[in-house]
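Colleague:
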Amino acid sequence: MKKIHCLNVISKHGTDLLTDQYQLTEQLGEADGILVRSAAMHDMDLPDGLLAIARAGAGVNNIPLEKCAEKGIVVFNTPGANANGVKELVLASLVLASRDVIGGIQWCQSIKDDPNIAKTVEKGKKAFAGHEIKGKKLGVIGLGAIGVLVANAAAALGMEVYGYDPFISVNAAWMLSRDVKHIMSADEIYRECDYITLHVPLVDSTRGMISASVLQEMKDGVVVLNFSRDVLVDEEAMAEALNSGKVKKYVTDFPNPKSVNMAGAVAIPHLGASTEESEDNCARMAVKEIMDYLENGNIHNSVNYPNCDMGVCRTAGRITVLHKNIPNMIGQIAAALAAESINISDMTNKSRDKFAYTMVDVEQRADEETVERIRRIDGVLRVRVL
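Residue numbers for the sequence shown follow our numbering, so the first one is 22 and each next one is one higher.
(1) On a CA-only basis, which of Arg-405, Leu-72, Leu-292, Thr-227 is nearest Ile-162? Give me that one, please.
(2) Would you call the region 86 to 100 and the region 115 to 122 in contact, with 3 or more CB pairs under 8 Å?
(3) Taking all protein chains shown into account, do 16 or more other C-beta atoms lie within 10 angstroms of the C-beta of Ala-260, making it buried, or fewer, making it exposed?
(4) Suppose you measure from the CA of Asp-53 to the CA of Val-406; what does that come to, to the nearest Å?
(5) Go through its chain and collect everything with a Cβ distance to Ile-311's Cβ below 6 Å, but skip five positions before and after it.
(6) According to DSSP, which residues form a beta bridge with Met-368?
(7) Evaluate Glu-184 with the Cβ neighbour count: other Cβ atoms within 10 Å of its Cβ, from every protein chain shown; 16 or more gives buried, anything less gives exposed.
(8) Pick from Asp-200, Gly-168, Ser-32, Val-57: whose alpha carbon is nearest that of Asn-192?
(9) Should the region 328 to 344 be called in touch with the region 101 to 117, which here means at least 3 C-beta pairs below 8 Å?
(10) Please report how far the alpha carbon of Val-111 lies from the alpha carbon of Arg-212, in whole angstroms.
(11) So, for Leu-477: in the same chain, excluding its five sequence neighbours on each side, which residues have a beta-carbon less than 7 Å away from its beta-carbon?
(12) In the structure shown, what three-state DSSP assignment does Ser-323 receive?
(13) Which of helix, strand or coil does DSSP assign to Lys-267?
(14) Give me whichever residues DSSP pairs with Ile-204 in a beta bridge.
(15) Please report the distance separating the alpha-carbon of Gly-156 from that of Asn-173.
(16) By the DSSP assignment, the beta strand (DSSP E) with Lys-147 in it spans what residues?
(17) Please classify Phe-275: is it buried, with 16 or more other beta-carbons within 10 angstroms of its beta-carbon, or exposed?
(18) Between the Cα of Ile-204 and those of Glu-181, Leu-253, Lys-108, spot the shortest distance and give me the residue it belongs to.
(19) Have a look at Ala-150, Ala-307, Glu-91, Glu-109 and flag the residue whose alpha-carbon is nearest the alpha-carbon of Gly-124.
(20) Measure the alpha-carbon distance for Ala-356 versus Glu-389 and round it to whole angstroms.
(21) Based on Cα-Cα distance, which residue from Val-252, Phe-248, Val-281 lies nearest to Leu-263?
(22) For the alpha helix (DSSP H) holding Val-401, just list the boundary residues, first then last.
(23) How many angstroms separate the CA atom of Lys-88 from the CA atom of Gly-285?
(24) Who are the near neighbours of Ala-60 in its chain, counting only those whose CB is closer than 8 Å to its CB and skipping five residues on each side?
(25) When the Cα atoms are used, what is the spatial distance from Gly-338 to Ile-210?
(26) Measuring only the C-alpha atoms, how far is Thr-46 from Asn-325?
(27) Do Leu-219 and Leu-246 have their CB atoms nearer than 8 Å?
(28) Specify, as a first and last residue, the run of the beta strand (DSSP E) that Val-44 falls within.
(29) Hey, quick one: how far does the beta strand (DSSP E) through Cys-27 stretch, first residue to last?
(30) Ignoring anything shorter than 4 residues or poking outside the region 224 to 309, list the alpha helix (DSSP H) runs there in chain order.
(31) Might you give, ordered along the chain, the residues of its own chain that have their beta carbon closer than 7 Å to the beta carbon of Val-254, omitting 5 neighbours on each side?
(32) Could you tell me the distance, in whole angstroms, from the CA atom of Tyr-378 to the CA atom of Gln-353?
(33) If we count the other Cβ atoms within 10 Å of its Cβ and call it buried at 16 or more, is His-321 buried or exposed?
(34) For Lys-92, name the three-state secondary structure that DSSP assigns.
(35) Inspect the beta-carbon positions of Glu-238 and Asp-200 and report whether they are closer than 8 Å.
(36) Going by DSSP in three states, Arg-396 sits in which element: helix, strand or coil?
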């Protein structure tokens, strides 16, 4: 019986997929797998028997990825599962930033006791007039699961869309509308676009990417939307750009003491993926990922180990080895099996930076002595027999 611990409330659309081979447990120490959303895990003592963590969402900054990799714990996320929810909020934010809908609503509430409110509205509504987004230039920086959907939807609404992503995947490229101009430099977006929306991961190269110098490159009156991470934007520089009028509006899904006090900022309470549909989709994907790994050893959408899939084992058994990405590892694993006269019917090995994963289907069941022989190989982090 495999045991799963939920650090947050996980949609039943996901946990209901668990078969009778699984049991939900309240005890972290006995868990084979963890399902998590936003719970902070960096200071958590992870049990030695923990095999996998699945984050029901895309961001994994709440999980100690390196620590998990060193302990042989595979960490999964669910890219794309919440993409439509974020896309819809980005589209709504384009309108909110173009037409002073929020200001108009607040004004109506302020005059709600006026018996002649209908006439007052007709006289005063011009103060909240804005612009249409059709025909305007939108720059989408990052063409992953969310960025592609935003770009395609904006193009369908009549915007002139520029897309930039030096690392665009083949799958994303196939999904991108032919109406989106795929450009090779973010500088062109900064210079040309009326609206700029960020859809990139937080890594060293993207932290603070919207800097004072980048803001100066942008058109006067530009609108910047941030539904990725708050620290992608230098908020001191953004506050100054808003005060000077260089930036007309800054829409962020990450309120903090700085952004909520910026004149001209629209702070949304992290609602991008906060829909029932997104939470259900993320939960389903996370549970499927963790089940496939625990049962078959297959890895899909890991953020600290390489993706690797050998389907369902059709031989006497399968051995999986998480290890450091060092020379002669495959040879040593094969030699350990040969020493016990165990024949290999199929094998695959994938690497990712410092870590690697080897899957071996064998024609005879490996005993504990064989498994221990593999464990003793320098650089091996975890061995499983399935």
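Beta carbons are placed, not taken as given, at the ideal position from N, Cα and C, and that holds for glycine.
In this text the structure is predicted, and so the values were computed from the model without any measurement.
Modeller: Taking the coordinates as given:
(1) Thr-227
(2) no
(3) buried
(4) 14 Å
(5) Gly-54, Ala-73, Ala-75
(6) Val-381
(7) Per the sequence shown, residue 184 should be read as Gly rather than Glu. Gly-184 is buried by the Cβ-count criterion.
(8) Gly-168
(9) no
(10) 21 Å
(11) In the structure as shown, the chain starts at 22 and stops at 407, and residue 477 therefore has no counterpart that could be examined.
(12) strand
(13) coil
(14) Tyr-185
(15) 14 Å
(16) Element bounds for Lys-147: n/a, residue is neither H nor E.
(17) buried
(18) Glu-181
(19) Ala-150
(20) 16 Å
(21) Val-281
(22) That residue, Val-401, is in no alpha helix (DSSP H); its beta strand (DSSP E) goes 401 to 406.
(23) 41 Å
(24) Leu-28, Asn-29, Asn-83
(25) 53 Å
(26) 25 Å
(27) yes
(28) The question names Val, yet the displayed sequence has Gln at residue 44. Looking at the DSSP string, the run of the beta strand (DSSP E) that includes Gln-44 is 43 to 45.
(29) 23 to 27
(30) 233 to 238, 256 to 265
(31) Ile-231, Asn-247
(32) 14 Å
(33) exposed
(34) coil
(35) no
(36) helix
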